[in-house]
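Structure, as structure tokens:
Number of protein chains: 4
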Amino acid sequence: MKIPSLILKQMYTLGSLENVEDGVRFSLKNRLSNATVTQLSEVRINDRQVPLDRLTLDVGGDEIAASQISPTSALAFPLARSVRIHARTGQLDKGQHEISLSFNTEPFGALAFKVKDAIAERVKRTSVPHDKDNDYSPEIVRARQTFVEEYTGVKLQHINKFSFDPSVTQGNIENFTGVAQVPIGFAGPLKVNGEHAQGEFLVPLATAEGTLVASYNRGMKVLNLSGGVTCTVVGDSMQRAPVFVFDNARDGRDFVQWVDQNIDKIREEAEGTSSVAKLTYVDRYLSNKLVFLRFNYTTGDAAGQNMVGRATFAACSWILESYPKICHFYLESNFATDKKSSQINVMRTRGKRVTAECVIPRDVLIQHMRVDPETVHYHAGIANVGAFISGANNNGCHSPNGITAMFIATGQDVANVAESSAGIVYTEVTPEKDLYISITIPSLIVATHGGGTGLATQRECLELLGCVGKGKVKKFAEIVAGVVLAGEISLAAAISSLDWVSSHEQYGRNR
Amino acid sequence: MKIPSLILKQMYTLGSLENVEDGVRFSLKNRLSNATVTQLSEVRINDRQVPLDRLTLDVGGDEIAASQISPTSALAFPLARSVRIHARTGQLDKGQHEISLSFNTEPFGALAFKVKDAIAERVKRTSVPHDKDNDYSPEIVRARQTFVEEYTGVKLQHINKFSFDPSVTQGNIENFTGVAQVPIGFAGPLKVNGEHAQGEFLVPLATAEGTLVASYNRGMKVLNLSGGVTCTVVGDSMQRAPVFVFDNARDGRDFVQWVDQNIDKIREEAEGTSSVAKLTYVDRYLSNKLVFLRFNYTTGDAAGQNMVGRATFAACSWILESYPKICHFYLESNFATDKKSSQINVMRTRGKRVTAECVIPRDVLIQHMRVDPETVHYHAGIANVGAFISGANNNGCHSPNGITAMFIATGQDVANVAESSAGIVYTEVTPEKDLYISITIPSLIVATHGGGTGLATQRECLELLGCVGKGKVKKFAEIVAGVVLAGEISLAAAISSLDWVSSHEQYGRNR
Amino acid sequence: MKIPSLILKQMYTLGSLENVEDGVRFSLKNRLSNATVTQLSEVRINDRQVPLDRLTLDVGGDEIAASQISPTSALAFPLARSVRIHARTGQLDKGQHEISLSFNTEPFGALAFKVKDAIAERVKRTSVPHDKDNDYSPEIVRARQTFVEEYTGVKLQHINKFSFDPSVTQGNIENFTGVAQVPIGFAGPLKVNGEHAQGEFLVPLATAEGTLVASYNRGMKVLNLSGGVTCTVVGDSMQRAPVFVFDNARDGRDFVQWVDQNIDKIREEAEGTSSVAKLTYVDRYLSNKLVFLRFNYTTGDAAGQNMVGRATFAACSWILESYPKICHFYLESNFATDKKSSQINVMRTRGKRVTAECVIPRDVLIQHMRVDPETVHYHAGIANVGAFISGANNNGCHSPNGITAMFIATGQDVANVAESSAGIVYTEVTPEKDLYISITIPSLIVATHGGGTGLATQRECLELLGCVGKGKVKKFAEIVAGVVLAGEISLAAAISSLDWVSSHEQYGRNR
Amino acid sequence: MKIPSLILKQMYTLGSLENVEDGVRFSLKNRLSNATVTQLSEVRINDRQVPLDRLTLDVGGDEIAASQISPTSALAFPLARSVRIHARTGQLDKGQHEISLSFNTEPFGALAFKVKDAIAERVKRTSVPHDKDNDYSPEIVRARQTFVEEYTGVKLQHINKFSFDPSVTQGNIENFTGVAQVPIGFAGPLKVNGEHAQGEFLVPLATAEGTLVASYNRGMKVLNLSGGVTCTVVGDSMQRAPVFVFDNARDGRDFVQWVDQNIDKIREEAEGTSSVAKLTYVDRYLSNKLVFLRFNYTTGDAAGQNMVGRATFAACSWILESYPKICHFYLESNFATDKKSSQINVMRTRGKRVTAECVIPRDVLIQHMRVDPETVHYHAGIANVGAFISGANNNGCHSPNGITAMFIATGQDVANVAESSAGIVYTEVTPEKDLYISITIPSLIVATHGGGTGLATQRECLELLGCVGKGKVKKFAEIVAGVVLAGEISLAAAISSLDWVSSHEQYGRNR
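Residue numbers (the numbering used here), protein chains in the order written: chain A, 1 to 511; chain B, 1 to 511; chain C, 1 to 511; chain D, 1 to 511.
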């Protein structure tokens with residue numbers, strides 16, 4: 001088995017070359033898959049060979065003499081771990097040097113490469129206090145608060161007030177120092193007729209935008225009077241999209257055929273990293289000599305971005321080991337399209353694809369929204385043209401308002417508003433002259449497990465919605481979609497009835 | 001002056017017809033501009049005339065007999081106010097009725113229209129407690145907390161903890177009940193070479209996504225070692241985009257010419273609503289028989305969405321009064337494109353258009369990011385193809401991560417991540433083999449005044465950045481852009497060096 | 001089996017109601033699948049029953065008395081055929097009438113519906129001469145030429161000159177009257193290293209744009225000096241995209257699951273219509289209560305739009321018969337996206353996806369194009385940003401120029417330039433400092449059989465390229481791609497060297 | 001005045017270095033603006049100075065000794081001309097050499113630069129016969145035909161038949177060898193109610209797509225019965241979009257301000273190149289350190305792409321001379337977006353923006369199209385969703401079909417179908433239950449002068465439409481739009497009535 005030389009070179013940790021007392025040190029990092037080093041054949045620095053007895057290696061523990069490594073006494077070199085090589089040949093001058101290495105490994109066989117690296121210089125800079133051992137203790141949090149106060153000259157009065165033990169934020173944030181307190185108002189209850197969410201839900205909305213809660217509340221009233229909002233999750237997919245570069249397009253196309261033939265093994269590698277992630281399909285996009293593979297997974301109750309990153313990396317490691325013609329590889333290619341609005345997300349789902357719909361009886365609409373179905377439908381037709389010409393990712397009114405407020409309240413990754421902002425509104429005036437209105441959110445990224453969902457207020461808000469525990473993420477997605485439709489009908493009616501500006505006058509003060 | 005009949009009809013408040021003791025009541029709302037009613041000529045219900053002496057009117061105060069209204073004793077009918085008409089002719093049956101009205105006004109002259117409306121039915125529903133007189137008192141907040149607990153059966157332990165007087169949230173939220181506590185970590189300091197932001201800034205990031213703070217922090221270190229990040233605001237524009245419908249395209253085109261000829265008066269009307277908003281230009285987009293006008297403003301330190309709504313509404317009111325051929329009008333057409341990602345925002349700016357750039361010396365990049373300039377540049381070239389084919393609004397890595405974390409921390413309207421998620425990354429390997437990297441955020445919507453910027457923790461975070469007070473919004477935009485570039489270089493390097501997955505392993509626990 | 005009532009109603013041929021001597025006539029058209037009428041139970045006109053003995057039917061041949069139709073003497077009612085019903089009950093007044101029908105069919109069972117139709121009025125208008133029996137004879141062609149001359153007062157001197165028998169145009173055009181003579185120039189020969197096209201090709205370009213042939217010729221010289229252009233077809237797909245409307249999203253999602261379970265039968269129905277079309281896969285896009293199915297086929301040497309239309313219609317007929325919950329159905333939904341530029345075509349291929357690529361040695365580029373690899377690559381990086389912000393479907397220079405000229409010369413459907421105009425250019429400066437340049441045309445719609453490929457000059461040009469006969473379409477696609485790359489390198493170099501304007505000065509006179 | 005060094009270097013004609021009898025020769029090309037060389041100070045080859053008396057210069061005529069050039073005896077060096085420098089110092093070896101030059105010019109002052117160039121090698125290749133003196137004579141055309149026959153082994157029988165003198169193709173094509181004969185059928189007459197086109201027009205359609213002429217003809221009948229089609233040109237703009245690269249974004253932004261201040265001078269320079277082109281406005285798009293200027297012109301009866309290229313180049317030459325901070329410049333940046341479909345064209349017009357619209361009476365639609373207004377409108381609503389999700393540039397049916405057929409017939413640049421394929425269809429069911437249908441073609445690129453419009457059959461077709469002569473281009477645009485709408489209503493009705501596939505069966509044979 002042969003490793004592409006470009007991948008191989010990346011084993012060397014660029015920038016790791018440093019002078020130590022009696023020589024230099026540099027590192028290799030295993031970026032491919034578990035391996036062992038069975039022999040270190042040769043190290044040359046600036047074309048001068050380093051005698052083997054002046055070389056030692058360590059993988060985080062004791063240093064081992066290079067001469068002691070052999071097929072029967074191999075050095076474990078696990079994935080994502082580094083081995084440091086120490087050459088006791090005197091220090092090097094500042095500036096660039098050339099290092100060449102030959103060694104044997106299992107399962108990659110004999111490897112050899114040459115790189116240029118410069119002697120690293122240490123830099124001292126001001127930085128936020130950090131405690132290697134316990135970075136979430138009250139003491140280090142307080143130390144950071146003090147540092148912030150001293151650095152900025154501002155006395156902290158609010159961000160240092162929170163109601164939970166800082167240690168719950170471990171894994172959610174580094175340098176934890178305090179909290180943003182975002183106001184929560186409740187709208188509803190909203191009657192949801194979902195497959196997972198059934199009944200009335202009181203909805204926590206974390207926002208600072210005046211009129212938002214009132215507007216959603218108004219829409220919920222109308223949906224309730226119409227028998228509730230019907231919500232359905234129609235798609236579920238989380239992606240990671242590596243790219244493989246070949247010598248030419250033909251090699252790329254052949255690679256895709258090979259991927260198809262080996263999809264079962266690829267799935268096995270991917271799914272081996274998690275008990276939850278299931279690889280549903282791999283989309284492929286060929287352009288020039290590039291092959292973009294877009295891995296699609298279901299990820300249980302988690303949003304799953306990291307889960308699918310790991311799974312895809314495992315699959316790609318196997319691919320890289322197994323398919324020799326790959327020239328370059330990156331785990332991400334902008335095809336995922338994580339934290340981005342994109343046409344591919346609108347088309348092919350990212351996170352949950354969920355639809356909320358309702359037939360609003362004519363009289364309900366008129367009496368509670370001051371507008372008739374024809375006017376709302378007429379405006380929707382014009383708004384379609386507006387969205388089409390302006391190239392918008394949403395032909396509706398303001399779905400991100402409700403989504404964002406729920407995301408902040410419930411500990412979602414709020415940056416996913418980028419993707420989750422897309423929406424497709426469709427209306428009809430029914431034969432009975434009522435209003436059918438619906439919105440599909442094609443890339444709603446939500447979780448009821450992982451990320452910020454376990455934090456204090458965030459988990460509490462999920463509890464209020466009955467969305468804590470296993471198997472709740474589709475229920476939560478349905479509720480979000482229902483809330484969004486409430487906002488759509490509310491604002492669509494306000495715009496159509498020209499009531500819009502004046503309602504802002506009434507509620508919104510701070511702008 | 002003639003009012004388009006479709007606009008006129010909208011004066012009647014659909015759904016307002018209700019039975020009262022001795023007859024019926026319904027409302028007109030002034031959606032055009034300040035006026036007075038100089039005579040009520042005739043009211044017919046189901047084609048039966050109502051004697052004038054059985055009609056009274058009120059505009060929120062005392063009832064006035066219809067017969068008392070005359071040119072010399074006119075009834076003030078201000079913009080956005082309603083007049084209720086009370087007809088003492090006995091109650092009406094349930095179902096639809098036809099109402100016709102004739103009256104005289106200044107400056108619109110004689111108006112007459114006919115509408116159908118149904119007798120409104122009152123509906124009782126469960127709703128969140130509300131206090132008409134003071135909805136932000138500790139008592140009503142507590143009452144809502146109790147209601148939430150009783151409705152859901154969940155005992156509140158965290159969202160009811162906050163460090164400020166609830167009354168500060170007035171104008172920011174309705175039904176205020178508590179707060180979401182979002183963890184804040186600090187990254188930096190980051191050296192910014194802006195026109196407005198000059199010096200080092202410690203950056204508060206509110207997030208629950210593990211590795212985010214660490215990753216931005218890593219990027220900041222590299223930017224600092226490169227002499228800091230150069231940031232420039234190159235555009236500033238906030239929009240509202242009404243649509244005017246005509247009989248045909250030719251009328252629409254002629255209207256645009258008229259708008260051009262009257263732009264000074266239109267500006268005067270628009271700017272008369274605010275001491276801050278300045279109308280810079282009006283873009284026009286013609287399609288079919290629709291004319292989309294996109295009003296572009298500067299809005300001082302505010303994000304300005306509501307400010308420009310009011311200003312545009314005032315301008316449109318004057319237009320509607322002055323140009324008779326308009327058939328329909330809506331204040332928004334999806335061309336703004338508020339809370340949406342769109343090509344027009346990428347092209348023509350929404351909020352601030354801001355660029356951050358830096359030349360990162362080769363050695364700094366290699367020693368601190370373990371990757372050389374060529375590799376980052378090569379990946380950027382491939383990521384461009386990925387973004388182009390997938391139809392993404394961003395060819396960079398993850399700008400919304402930093403933006404969202406700063407938005408939550410500083411009280412921005414976080415739903416604007418929809419627009420603010422767009423980004424254009426451009427890299428070069430310089431003749432000196434260093435890395436030029438830059439990002440333009442074409443629609444960054446930020447404020448240092450208004451919205452949530454005055455809330456407790458939010459204002460505190462703005463203070464930490466020195467962004468409180470008049471004229472700070474561009475300073476804040478520059479800092480945001482600088483932070484974003486730190487995140488770009490950090491993630492681009494991680495992807496390019498294949499270090500990306502393993503770093504998530506190290507920091508991120510909760511997913 | 002139940003036919004959706006909306007589909008059923010469409011059996012009635014709206015507008016077919018006409019007065020004849022002794023009564024009225026109207027038509028039903030079978031839009032579903034082959035059937036027989038086993039009984040005509042009842043016909044009512046304006047709610048008055050028509051006695052059965054006053055009703056006769058015909059399917060293009062003799063009239064049959066309604067009473068003679070029975071299960072044992074059924075009336076054949078094939079797909080896409082009409083049955084005319086003749087009711088001898090006196091003529092009707094002008095204006096609207098209501099017709100109701102009950103009848104039995106195999107396999108649909110008892111059908112009944114009611115429609116409103118108005119008595120059709122005949123209109124006389126000037127029209128182009130037409131010969132029902134032989135519309136391609138020299139006589140009728142001459143008659144049309146005379147008509148054109150008389151109608152316009154222009155004496156025809158050129159469009160009436162052509163070198164072929166008009167009858168060859170049958171199936172390609174109606175009202176054939178003459179030809180457009182589009183100048184052809186030859187570029188090349190171009191050396192193509194394809195899988196199907198191997199060797200040197202002299203390329204006919206039909207155009208009126210000065211410098212086009214010269215520019216492509218220049219690019220071909222450079223490609224030849226670089227060893228030729230490598231071309232690969234990496235995708236092949238032609239689509240038709242029907243839409244199915246349901247009561248709600250949930251029904252739509254369930255339908256998609258049913259489609260998956262019945263894909264073999266659907267394929268069988270689709271492929272039964274042609275010996276060539278093969279259904280590769282059916283993509284599904286759910287939005288609101290709409291389900292868009294995008295059928296993907298390979299179509300041999302034909303472009304295949306009509307072939308896949310027929311195949312998909314057959315499949316849908318079976319679906320409509322078999323799945324009762326469908327509320328509406330249209331064979332096309334704008335998702336195909338025929339004759340349109342679209343993101344989906346760029347992503348997922350329409351027609352052929354073909355890549356041309358070449359490594360141009362540094363010296364060849366400099367000596368023949370007056371520009372170095374770095375400058376072309378630098379310009380490509382900037383042009384990427386230009387394409388990204390402007391929302392273009394092509395980040396290259398001008399691929400539609402060569403494509404259009406070849407399309408006209410070889411009888412392609414030139415309107416497909418809409419789709420075929422998309423292009424993705426990718427460049428690298430190689431480690432050897434040469435220029436790698438490639439273009440992927442993601443939706444190149446070409447044929448070597450069918451459409452205009454059999455016409456006189458068109459077929460001759462295909463012969464010149466060795467692309468007549470079975471199995472030549474990928475060869476042709478490869479040649480087109482090679483030609484396109486020649487144009488890209490030529491114009492890219494001209495823009496990069498600033499030579500561009502002046503070359504137009506030299507060659508182009510007529511603008 | 002200082003020339004940016006990067007621009008300056010481009011004066012040297014890369015690849016021009018060649019050995020001649022007694023030395024070497026190389027060229028400078030003036031790519032900036034008219035100038036004179038007032039002194040040649042120094043020439044060094046591989047760092048060895050060439051004595052002045054061994055240097056001669058020529059600008060296409062006689063050689064002049066370097067020593068004879070002086071401020072009072074300057075050498076004219078006009079824009080876009082080359083000066084060849086002849087150094088009589090013996091031949092050079094193959095491979096790279098370094099040349100440095102110092103000279104004085106008016107108005108640029110002292111210039112000096114150094115470049116590397118390799119000795120050019122002559123290559124012999126097979127090429128199409130060419131006659132330098134008269135490349136459009138019958139003899140050279142025949143020679144090319146013979147060459148084609150011999151090279152391919154195919155006897156020409158059709159492409160060598162044409163009805164005009166080949167010399168009319170000068171400026172339209174190089175290597176003219178024959179013609180493509182594209183069948184023309186006539187549809188109509190169509191009644192157009194334009195501002196420029198008024199009356200009935202018989203429409204030549206050059207196509208090989210069966211049913212196309214019949215389908216458009218059917219639509220025209222319906223439009224005529226509805227009183228004709230109303231057509232209006234609502235926009236007119238042709239672009240060229242240079243890009244300027246700066247050291248950083250701030251310099252770019254300041255440049256834009258300078259452009260604004262100097263817009264009158266820029267306009268003067270641009271408009272000085274043509275009596276027709278008028279610069280209407282310059283749009284600017286800033287990204288990173290790039291400034292894209294998009295020059296918008298009206299261009300009379302010409303399409304104008306070359307005209308605006310020249311005009312913009314002149315304006316940019318002045319800008320480059322006048323604004324010293326520009327680092328790079330290219331005349332095109334993909335922002336034009338010539339020969340591309342793009343969102344910016346849909347938004348901001350390229351060529352003509354033209355709308356066709358019609359109210360089709362309910363009965364006309366039903367009796368002639370077999371479909372009612374509600375069904376067409378309903379389908380349009382669904383097709384909007386299809387276009388929105390698929391990212392299409394057209395929410396209508398098939399406007400490029402009619403456009404392409406008219407483009408080929410009338411000598412338009414058919415590659416502009418890329419841009420012209422965009423369309424925005426908008427429908428309403430009127431209060432009278434009739435169908436309002438309209439299409440806006442936002443980027444219809446048409447000409448009645450220049451390009452292929454003067455060719456034989458092409459000019460004849462324009463004559464048939466009354467579109468030859470001054471001031472006819474908007475008339476032609478209106479007719480095209482009217483034709484397009486005929487096709488839209490025809491196909492929309494066919495799809496809506498499910499008649500679509502069967503009509504293809506009837507007419508289309510060849511696919």
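Think of the CB as a built atom: it goes at the ideal place given N, C-alpha and C, for glycine as much as any other residue.
For the beta strand (DSSP E) holding residue i, just list the boundary residues, first then last.
i, result
"K116 (chain A)", "G109 to A118"
"M238 (chain B)", "V229 to R240"
List, in order along the chain, the chain A residues whose C-beta lies closer than 7 Å to that of residue i?
i, result
"K161 (chain B)", "S163"
"H379 (chain B)", "Y330"
In terms of residues, what are the limits of the alpha helix (DSSP H) holding residue i?
i, result
"G381 (chain C)", "P373 to S390"
"F407 (chain D)", "S399 to T410"
"K475 (chain D)", "V473 to S496"
Would you mind giving the Cβ-Cβ distance between residue i and residue j, rounded to the nearest angstrom? I have them listed as a contact below 8 Å.
i, j, result
"I403 (chain C)", "S420 (chain C)", "5 Å"
"L223 (chain B)", "L190 (chain B)", "6 Å"
"V376 (chain D)", "I441 (chain D)", "V376 (chain D) to I441 (chain D), Cβ: 19 Å. No contact."
Could you work out which residues of chain C lie near residue i, taking near to mean beta carbons separated by less than 8 Å?
i, result
"Q458 (chain A)", "Within chain C, no residue comes near Q458 (chain A); the closest Cβ sits about 29 Å away, beyond 8 Å."
Okay, do the segment 189 to 207 of chain A and the segment 229 to 237 of chain B touch, 3+ Cβ pairs below 8 Å being the bar? no
Is the number of C-beta pairs between the segment 234 to 249 of chain A and the segment 258 to 265 of chain C that are closer than 8 Å three or more? no
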